[in-house]
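Colleague: Protein chains in written order, with the numbering used here: chain F, 1 to 484; chain P, 1001 to 1260.
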Amino acid sequence: MPSTATETIEQLASREYQAGFETLVEQDTLPPGLDEDVVRAISAKKNEPEWMLEWRLAAFRHWQTLTEPTWAKVEYEPIDYQAISYYAAPKKKGDGPKSLDEVDPEILRTYEKLGIPLHEQKMLAGVAVDAVFDSVSVATTFQSKLAEAGVIFCPFSEAVQKHPELVKKYLGSVVPPKDNFFAALNSAVFSDGSFVYIPKGVRCPMELSTYFRINAKNTGQFERTLIVAEEGSHVSYLEGCTAPMRDENQLHAAVVELVAAEDATIKYSTVQNWYPGDPETGKGGIYNFVTKRGLCAGDRSKISWTQVETGSAITWKYPSVILRGNDTIGEFYSVAVTNGRQQADTGTKMIHVGNNTKSTIISKGISAGRGQNTYRGQVEMLKGAHNARNYSQCDSMLIGEDCGAHTFPYIDVQNPSAQMEHEASTSKIGEDQIFYCNSRGLDEETAVSLIVNGFCKEVFRELPMEFAVEAQKLLEVSLEGSVG
Amino acid sequence: MLKIQNLHVSIEDNEILKGLDLEVKPGEVHAIMGPNGSGKSTLAQVLAGRDEYEVTEGSIDFQGEDLLEMDPEIRACEGIFLAFQYPVEIPGVSNTYFLKAALNAVRKHRGENELDAVDFLRLVRERMKMVEMDETLLNRPVNEGFSGGEKKRNEIFHMSVLEPKLAVLDETDSGLDIDALRIVANGVNSLRAEDRGFLVITHYQRLLDYIVPDFVHVLVDGRIVRSGGKELAHELEDKGYGWLEAELASEATSAAPVGA
Ligand SMILES: Nc1ncnc2c1ncn2[C@@H]1O[C@H](COP(=O)(O)OP(=O)(O)OP(=O)(O)O)[C@@H](O)[C@H]1O
Ligand SMILES: [Mg+2]
């Protein structure tokens, strides 16, 4: 073997999960365990009004009647819900940060290390950030500039205090607390998240984004995001996620709800890079069990999900769109990478209710190492949905011999005027493609990343410019060591 | 610059090259002709470093170094270029992006600065003119949906940008129309240089009217059975390989009594 090959392997071995450090800050943590008192305690910590507590308790009581679903094509040890702490927050001075100056400098440094500076003057131009550290939101930037435009972008807990009428009206309107096991759990114990409200006719003047960071040990993260776009408004929102490397699995069960009124557009992008667990033993890593759903409530509204999922030990999520208004559009663009021992069961649901509704699904699954990647998608065209149209394209790429790709498309058409188009492909990354790149001077790592990036192009081009580059880099890092 | 000695190559236990010798000096153009399946592409792929082929015997020296010890991308960086008989498609990766990555990898290896976007585009524009390539092919994914001729022309375009020391062209003329053939040949000719060698694999002597070789070799059944000047190509064109095979057979029989 030429010496260069061993060098490459050494380089790879040293470049591991780069967000895997831990931040040492004083924590205010609830002891592990879950009962009504825990739910009450979380609510009390947030100073919540009575209606909010009642809403949580109802969800909790319902959750107790449910059992964890098992239909996903993923395998894991049963989760002990009593061993998880449901609240962890960095200790605050007084009532919590009113401005960035009050945020613990350790936490600011954490975000800087992750490449997300929270000082407004250092920020990427035109991106407002909400940073959620364990269970609470620690900083939201550019609030005043957004307020000028009438846009509300704040931690969820703040919205409960300051905009209770909006929260009451929309919370649970798309993902009801009883929707499923994890949604019910989240509804009972969610601690923070982001709230976005775009008033009628407003085009949000900047990208909005939230960075989620799980730091504390043995805690679950249960955040809740609610985005409401009023008539004719427009918003683009991005979430990013990282966590330290730990030997224990950690549960992340979020709920995201989107509501788009007449002629409104919501673009929701995710770059998920939770700790994937040890690539060899499969030890540790995040269980990413998330419910995301958007409602195209008004005519001609549009909701577009774009996700780049490279992290987590297990990913289990189906960002969906209910196309209730006429002439509405739902889109789902997804790149899911599984390497090492990662498992992903992900896809979407498009539910066509209104006339002339259109949905597009582009899914790119990449499996390497011993990763297992499943696309699961459902397209439903209800009786009253005249001239509904769907285009689905599900492509899988395999790198190596020990990984797997699976596709489960479910289709339910009740209106004869519906038009469906479905394409699927599975390819192995070609030896001949890699050799062709080699013969032009590109090494194997570069070749694979080039080929995979090409494969994902249709999805990457849906990402906001600033994040497309980030996503490509993430892909490179997560595929390192997958060949050779 | 290139010295191949007694090269034996097998694939899946079939011996394809059976003791091949060849020397290319800087500035020389060597043409290799030979019947289908005789091992021409095998030779080209082995030079570029394809690892499916197993070298069981022999050596290849390139600029004083053992070529067989180098990974394929190192060979490319050291100056070997293979224009594929069947160029490979890379969906979703634009031709320019690909070529920029390649050129910068090669430059980095040579200890040169990476080219910035402006300088790169200037170079690319200039080379594109040389092979009269349509600009739209730059922004399309590498070879995807290219016509057969466009793929071949794209290979020559890559070569002109990467400026190799030794270019191996595997049937780059096949599938080209008359005009494209002339353009490709002009491209090659304008890259001919004192320090650059060419190995041109072809079935047609027509190409050799445009790219006039210094030597012509005939490869039959894994061995070079005849070498000569450019007139050898004409002879082959007139008489076919049958003529050569018959002649070789009679040489073998007439030689037999001497050895016996
Ligand atoms: N992967 C393989 N497995 C088995 N045999 C192979 C493989 N690749 C090449 N061969 C055989 O090796 C021999 C030489 O092939 P090669 O492609 O080098 O021929 P060539 O001289 O380039 O022919 P052509 O003029 O048709 O391009 C052929 O008999 C071919 O079938
Ligand atoms: Mg050939």
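Positions of the beta carbon are idealized from the N, C-alpha and C atoms, including for glycine. It should be emphasised that the depicted structure is a prediction, and the values quoted were computed from it without experimental measurement.
Consider the C-beta atom of residue 1040(P) and the heavy atoms of ligand 2; say whether any pair is separated by less than 8 Å.
Modeller: If you number the second sequence from 1, residue 1040(P) lands on position 40. It does: the Cβ of residue 1040(P) is within 8 Å (strictly closer) of some heavy atom of ligand 2.
Colleague: Any C-beta of chain F within less than 9 Å: which residues of the region 1073-1095 of chain P qualify?
Modeller: Going along the region 1073-1095 of chain P in chain order, one finds 1073, 1074, 1075, 1076, 1077, 1080, 1081, 1082, 1084, 1086, 1087, 1088, 1089, 1090, 1091, 1092, 1093 and 1094 with a Cβ nearer than 9 Å to chain F.
Colleague: Does residue 1001(P) come within less than 9 Å of chain F when only Cβ atoms are used?
Modeller: Here residue 1001(P) refers to the residue found at position 1 of the second sequence. Answer no: the Cβ-Cβ gap between residue 1001(P) and chain F never drops below 9 Å.
Colleague: Ligand 4 and residue 1023(P): does the residue's C-beta get closer than 8 Å to at least one heavy atom of that ligand?
Modeller: In terms of ligand content, the structure shown lacks ligand 4 and carries ligand 1 and ligand 2 instead.
Colleague: Which residues, in chain order, does the region 1155-1168 of chain P contribute to contact with chain F at a C-beta distance below 9 Å?
Modeller: Per Cβ criterion, the list reads 1158 and 1162.
Colleague: Within the present structure, is the beta-carbon of residue 1085(P) separated from the nearest heavy atom of ligand 1 by less than 8 Å?
Modeller: Here residue 1085(P) refers to the residue found at position 85 of the second sequence. True, at least one ligand heavy atom lies under 8 Å from that Cβ.
Colleague: Quick check: does the Cβ of residue 1171(P) come within less than 8 Å of any heavy atom belonging to ligand 2?
Modeller: For this step, residue 1171(P) is matched to residue 171 along the second sequence. Correct: residue 1171(P) has its Cβ closer than 8 Å to ligand 2.
Colleague: Nearest chain F C-beta to residue 1098(P) closer than 9 Å, yes or no?
Modeller: Here residue 1098(P) corresponds to residue number 98 of the second sequence, with the count starting at 1. Yes, its Cβ sits closer than 9 Å to a Cβ of chain F.
Colleague: Just tell me which of 346(F), 240(F) and 478(F) has its CA closest to the CA of residue 333(F).
Modeller: As a working mapping, residue 333(F) is identified with position 333 in the first sequence. Nearest option by C-alpha distance: 346(F).
Colleague: Spatial neighbours of residue 472(F) within its chain, please: CB distance less than 6 Å, with the 5 preceding and 5 following residues excluded, ordered by chain position.
Modeller: Along the first sequence, read from residue 1 onward, the residue named residue 472(F) stands at position 472. Within the same chain, residue 472(F) has close Cβ partners 453.
Colleague: Quick check on DSSP: helix, strand or coil for residue 1174(P)?
Modeller: As a first step, residue 1174(P) is located in the second sequence; it is residue number 174 there, counting from the start. Residue 1174(P): coil per DSSP, three-state reduction.
Colleague: For residue 1213(P), is the classification buried or exposed, using 16 other Cβ atoms within 10 angstroms of its Cβ as the cut-off for buried?
Modeller: As a first step, residue 1213(P) must be located in the second sequence, where it is residue number 213. Its Cβ being crowded by 16 or more others within 10 Å, residue 1213(P) is buried.
Colleague: Can you give me the C-alpha to C-alpha distance between residue 1257(P) and residue 1245(P), rounded to a whole angstrom?
Modeller: Residue 1257(P) sits at position 257 when you count from the first residue of the second sequence. Residue 1245(P) sits at position 245 when you count from the first residue of the second sequence. Its pLDDT being 49, under 50, residue 1257(P) is placed unreliably in this model, and the coordinates cannot settle the point.
Colleague: Between which two residues does the beta strand (DSSP E) carrying residue 268(F) extend?
Modeller: In the first sequence, counting from the first residue as 1, residue 268(F) sits at position 268. Element bounds for residue 268(F): 265-272.
Colleague: Comparing the CB of residue 314(F) with every heavy atom of ligand 2, is any distance shorter than 8 Å?
Modeller: Taking the first sequence and counting its residues from 1, the one referred to as residue 314(F) is at position 314. Not so, every heavy atom of ligand 2 lies at least 8 Å from the Cβ.
Colleague: Beta carbons nearer than 8 Å to chain P: which residues of the region 404-436 of chain F have them?
Modeller: Correct list: 430, 431, 432, 433, 435 and 436.
Colleague: With C-beta atoms as the reference, is residue 1205(P) less than 9 Å away from residue 1236(P)?
Modeller: One-based indexing of the second sequence puts residue 1205(P) at position 205. One-based indexing of the second sequence puts residue 1236(P) at position 236. Yes. Within cutoff.
Colleague: So, do the region 280-294 of chain F and the region 176-192 of chain F have three or more beta carbon pairs nearer to each other than 8 Å?
Modeller: The answer is yes - the region 176-192 of chain F touches the region 280-294 of chain F, with three or more Cβ pairs under 8 Å.
Colleague: Specify the secondary structure class of residue 376(F) as computed by DSSP and reduced to three states.
Modeller: Counting from one through the first sequence, the residue named residue 376(F) turns up at place 376. DSSP places residue 376(F) in strand when its eight states are reduced to three.
Colleague: Is residue 1030(P) near ligand 1, judged by its Cβ being under 8 Å from some heavy atom?
Modeller: Residue numbering aside, residue 1030(P) sits at position 30 when the second sequence is read from its first letter. Result no, Cβ not under 8 Å from ligand 1.
Colleague: Under 9 Å between C-beta atoms, does residue 306(F) make it to chain P?
Modeller: Here residue 306(F) corresponds to residue number 306 of the first sequence, with the count starting at 1. So, not an interface residue.
Colleague: Would you say the region 418-427 of chain F touches the region 372-389 of chain F, given that touching needs at least three Cβ pairs under 8 Å?
Modeller: The region 418-427 of chain F is in contact with the region 372-389 of chain F.
Colleague: Any heavy atom of ligand 2 inside 8 Å of the beta-carbon of residue 1224(P)?
Modeller: The residue you call residue 1224(P) lines up with position 224 of the second sequence. No, the beta carbon of residue 1224(P) sits no closer than 8 Å to any heavy atom of ligand 2.
Colleague: Note down, in chain order, each residue of its chain lying with its Cβ closer than 8 Å to the Cβ of residue 371(F), except the 5 sequence neighbours on either side.
Modeller: Indexing the first sequence from 1 puts residue 371(F) at position 371. Cβ within range, chain order: 337, 338, 339, 340, 341, 342, 343, 344, 403 and 404.
Colleague: For the candidate residues 1066(P), 1076(P), 1243(P) and 1240(P), whose alpha-carbon lies nearest to that of residue 436(F)?
Modeller: What you label residue 436(F) is simply residue 436 of the first sequence in a count that begins at 1. Looking at the Cα atoms, 1076(P) is the closest of the given residues.
Colleague: Return the Cβ separation of residue 1082(P) and residue 1031(P) in integer angstroms, given the expectation that the two are a contact with Cβ distance under 8 Å.
Modeller: Start at 1 with the first residue of the second sequence, and residue 1082(P) comes out as number 82. Start at 1 with the first residue of the second sequence, and residue 1031(P) comes out as number 31. Not confirmed; about 16 Å, so no contact.
Colleague: Under the rule that 16 or more other beta-carbon atoms within 10 Å means buried, what is residue 1129(P), buried or exposed?
Modeller: For the purposes of this step, residue 1129(P) is taken as the residue at position 129 of the second sequence. Exposed: under 16 other Cβ atoms inside 10 Å.
Colleague: Identify the contact partners of residue 1049(P) in chain F, using a Cβ-Cβ distance below 9 Å as the criterion.
Modeller: As a position in the second sequence, residue 1049(P) is number 49, starting the count at 1. Here the neighbours are 435, 438 and 439.
Colleague: Taking the C-alpha atoms as reference points, what is the distance between residue 34(F) and residue 359(F)?
Modeller: Position 34 of the first sequence holds residue 34(F). Position 359 of the first sequence holds residue 359(F). Near 40 Å, if we compare the C-alpha coordinates of residue 359(F) and residue 34(F).
Colleague: Buried or exposed: which applies to residue 1004(P), given that a residue is buried once 16 or more other Cβ atoms fall within 10 Å of its Cβ?
Modeller: The residue you call residue 1004(P) lines up with position 4 of the second sequence. Buried, since its Cβ has 16 or more Cβ neighbours within 10 Å.
Colleague: Could you check the C-alpha separation between residue 93(F) and residue 322(F) for me, to the nearest Å?
Modeller: Here residue 93(F) refers to the residue found at position 93 when the first sequence is read from its first residue. Here residue 322(F) refers to the residue found at position 322 when the first sequence is read from its first residue. Confidence in residue 93(F) is poor, its pLDDT being 46 and thus under 50, which makes the residue's placement unreliable; the coordinate value appears in the next sentence. For residue 93(F) and residue 322(F), the distance between alpha carbons rounds to 43 Å.
Colleague: Would you verify that the beta carbon of residue 456(F) is, or is not, closer than 9 Å to some beta carbon of chain P?
Modeller: By one-based count along the first sequence, residue 456(F) stands at place 456. By this cut-off, residue 456(F) is an interface position.
Colleague: Give me the Cβ distance between residue 260(F) and residue 294(F), rounded to the nearest whole Å; I'm assuming they're in contact under 8 Å.
Modeller: In the first sequence, the residue the question calls residue 260(F) occupies position 260. In the first sequence, the residue the question calls residue 294(F) occupies position 294. Rounded, the Cβ-Cβ distance is 7 Å, consistent with contact.
Colleague: Using a C-beta cutoff of 9 Å, does residue 960(P) count as contacting chain F?
Modeller: This structure cannot settle anything about residue 960(P), because the visible part of chain P is limited to 1001 through 1260.
Colleague: Using DSSP with H/G/I as helix, E/B as strand and the rest coil, what is residue 124(F)?
Modeller: Mapped onto the first sequence, residue 124(F) falls at position 124. Only weak support is given to the placement of residue 124(F): the predicted model assigns it a pLDDT of 48, under 50, and the value that follows is read from those uncertain coordinates. Note: residue 124(F) maps to coil in three-state DSSP.
Colleague: Counting Cβ pairs, one atom from each stretch, are 3 or more of them under 8 Å apart for the region 1161-1170 of chain P and the region 1040-1058 of chain P?
Modeller: In short, these stretches touch, since the Cβ pair count reaches three.
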